[in-house]
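Q:
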Amino acid sequence: MASLPIFLCTFLSCSLSFHGISAVKYVVTVEGTPKGPNVPKDPAIERFNTVIGVPYTIKIMGQINTFIWSTILKQNTPTERKPVDTIQVFIKYFNGQEAITSDYRINVSAALIGTYDGPMTLKWGFTSLLYHEMTHVFQWDGEKKAPRSLVEGIAEYTILKANYSEPGFSKPGSGDRWDAGYDTTARFLEYCDGLVPGFVAKLNNMMRKTYDISFFKNITGKPVEQLWKDYKAKYPGVK
58 MASLPIFLCT FLSCSLSFHG ISAVKYVVTV EGTPKGPNVP KDPAIERFNT
108 VIGVPYTIKI MGQINTFIWS TILKQNTPTE RKPVDTIQVF IKYFNGQEAI
158 TSDYRINVSA ALIGTYDGPM TLKWGFTSLL YHEMTHVFQW DGEKKAPRSL
208 VEGIAEYTIL KANYSEPGFS KPGSGDRWDA GYDTTARFLE YCDGLVPGFV
258 AKLNNMMRKT YDISFFKNIT GKPVEQLWKD YKAKYPGVK
């Protein structure tokens, strides 16, 4: 989507935090145009506060955190997990993507919230986005050695397993390459997980310090090229 210009003046309009049972602190900060006499309210920020809100965001962050640890990455003890103390979500204007995650900070585009007209509701789309971005907070990436397509594919796999994939999400068997990224790779990971239950969690655990394509064979007994051929053969005629 086209990016909107960054407002020259922003201020902290709302910042709340909450400690979940996971001991991770969730902080949500909403930035927008200054409030004051004769200063119009920013429609995107108003839409966030009215339709989504900070309390809901904090609540769903805790639920997503638990889902990622228990269902996706299957990390049941602190020693298995990334040492995350605080996750910050900022609703703000910036150029470029719908959301950007860096370490434990998730920036969500206010412009996206202001213009979102997807097939599902705004709150649903925002929640789906958080499932993706929070996966980046907790997943291992081989200390930046894993291909970005795989990292993004695992984040989309979380959306898929959480039943937050939009209607246009790739169908099983679609795509030309296993490492096309995003929903194409997510569907392939779903197939691998069907062969070896817990595949994604095992792969993520192996990527804690490094990455090698042989990890696929180590887990399944087959190289990734053969896995992709078998996957495509399971869905003949699917592009």
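Each residue of the sequence shown is one higher than the one before, starting from 58 at the first, in the numbering used here.
Ideal Cβ placement from N, Cα and C applies to all residues, glycine included.
Here the structure is a predicted model, which means the values were calculated and not measured.
For the alpha helix (DSSP H) that contains glutamine 145, what are its first and last residues?
A: It is not in any alpha helix (DSSP H) - glutamine 145 instead sits in the beta strand (DSSP E) that spans 143–149.
Q: Which runs of the alpha helix (DSSP H), 4 residues or longer, sit entirely within the stretch 142–198?
A: Complete alpha helix (DSSP H) runs here, min 4: 167–172, 179–195.
Q: For lysine 296, count the other beta carbons within 10 Å of its own beta carbon; 16 or more makes it buried, fewer makes it exposed. Which is it?
A: The residue in question, lysine 296, is exposed, as its Cβ has fewer than 16 Cβ neighbours within 10 Å.
Q: Excluding five sequence neighbours on each side, which residues of the same chain lie with their C-beta closer than 7 Å to the C-beta of proline 204?
A: Around proline 204: Asp236.
Q: When the Cα atoms are used, what is the spatial distance from arginine 244 to phenylalanine 273?
A: In a straight line, the C-alpha of arginine 244 is about 15 Å away from that of phenylalanine 273.
Q: On the three-pair Cβ rule with 8 Å, is the stretch 227–235 touching the stretch 279–292?
A: Yes: at least three Cβ pairs fall under 8 Å.
Q: May I ask whether a heavy atom of the ligand FAD can be found less than 7 Å away from the beta carbon of tyrosine 288?
A: In terms of ligand content, the structure shown is empty, and the ligand FAD therefore cannot be addressed.
Q: Can you check DSSP and say which residues form a bridge with lysine 218?
A: The partner list for lysine 218 (beta bridge, DSSP) is empty, contrary to what the question assumes.
Q: Tell me whether tyrosine 83 sits in a helix, a strand or coil according to DSSP, three-state version.
A: Three-state result, tyrosine 83: strand.
Q: What separation, rounded to the nearest whole angstrom, lies between the Cα atoms of threonine 134 and phenylalanine 183?
A: About 29 Å.
Q: Going by alpha carbons, who is nearest to isoleucine 148 out of Lys291, Val85, Lys266, Glu223?
A: Among Lys291, Val85, Lys266, Glu223, the Cα nearest to that of isoleucine 148 belongs to Val85.
Q: Could you pull the start and end residues of the alpha helix (DSSP H) that proline 112 belongs to?
A: First-last of the alpha helix (DSSP H) with proline 112: 111–124.
Q: Grab the span of the alpha helix (DSSP H) containing phenylalanine 245 for me, first residue to last.
A: Taken as a continuous stretch (DSSP letters only), the alpha helix (DSSP H) holding phenylalanine 245 covers 239–252.
Q: Would you mind giving the Cβ-Cβ distance between tyrosine 161 and valine 108, rounded to the nearest angstrom? I have them listed as a contact below 8 Å.
A: At roughly 25 Å, the Cβ-Cβ gap does not stay under 8 Å, so tyrosine 161 and valine 108 are not in contact.
Q: Across the stretch 175–189 and the stretch 216–233, are there enough close Cβ pairs to call them in contact, namely three or more that are closer than 8 Å?
A: Because the criterion of three Cβ pairs below 8 Å is met, the stretch 175–189 and the stretch 216–233 touch.
Q: Closest to isoleucine 270 by CA distance: which of Lys202, Gly230, Val146, Met191 is it?
A: Among Lys202, Gly230, Val146, Met191, the Cα nearest to that of isoleucine 270 is on Lys202.
Q: Quick one: what's glutamate 15 bridged to in DSSP?
A: Summary: the structure shown does not reach residue 15, with the chain confined to residues 58 through 296, and so no result is reported for it.
Q: To the nearest angstrom, how far is it from the Cα of alanine 168 to the Cα of tyrosine 288?
A: Rounded to whole angstroms, alanine 168 to tyrosine 288 spans 38 Å at the Cα level.
Q: What's the C-alpha gap between valine 208 and glycine 171?
A: Going from the Cα of valine 208 to the Cα of glycine 171 covers about 28 Å.
Q: Got a sec? Which residues, its chain only, sit under 7 Å from glutamate 190 by beta carbon, not counting five neighbours each side?
A: So the list reads Ala156, Thr158, Ile163, once near-sequence residues are dropped.
Q: What is the residue span of the alpha helix (DSSP H) that arginine 104 lies within?
A: Here the alpha helix (DSSP H) through arginine 104 covers 100–104.
Q: Suppose you measure from the CA of serine 74 to the CA of asparagine 262; what does that come to, to the nearest Å?
A: Model confidence at serine 74 stands at a pLDDT of 49, short of 50, so the residue's coordinates are unreliable; what they give is reported in the following sentence. C-alpha separation (whole angstroms): 29 Å.
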